[in-house]
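**Q** My questions will all concern the structure given below.
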Amino acid sequence: MYLNERKIKQLAIETGFDIVKITDAKSFEKNEASAVERVRSGLMDGLPWYSEE
0 MYLNERKIKQ LAIETGFDIV KITDAKSFEK NEASAVERVR SGLMDGLPWY
50 SEE
């Protein structure tokens, strides 16, 4: 099933999300230090796809 941005946002709202934003898969160069700190402090536990790599 193909999901476009509009459909994804609609599904998120329907399932209880208050805010829905979509971004690209580019690296977090500008906020890399903050992202790494969050990973190291355990704030991303349970999100195996979110890592320092």
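Per numbering that gives the first Met the number 0, the sequence shown starts with residue 0, numbered consecutively.
Cβ atoms here follow ideal geometry from the backbone N, Cα and C, with glycine treated the same way.
Distance check for I21 and S40, CA to CA, integer angstroms please.
**A** One C-alpha to the other measures close to 25 angstroms.
**Q** May I have the straight-line CA-CA distance separating Y35 from T14, to the nearest angstrom?
**A** For clarity, residue 35 is Val in the given sequence; the question names Tyr instead. The alpha-carbon atoms of V35 and T14 are separated by roughly 29 angstroms.
**Q** Assuming contact is defined by CB atoms lying nearer than 8 angstroms, are A32 and V19 in contact in what I supplied?
**A** No. Outside cutoff.
**Q** Less than 7 angstroms between C-beta atoms, sequence neighbours within five positions excluded: which residues of the same chain meet that for E4?
**A** Answer for E4: I21, listed in chain order.
**Q** Could you tell me the alpha carbon to alpha carbon distance between E51 and F27, rounded to whole angstroms?
**A** Roughly 10 angstroms between the two C-alpha positions.
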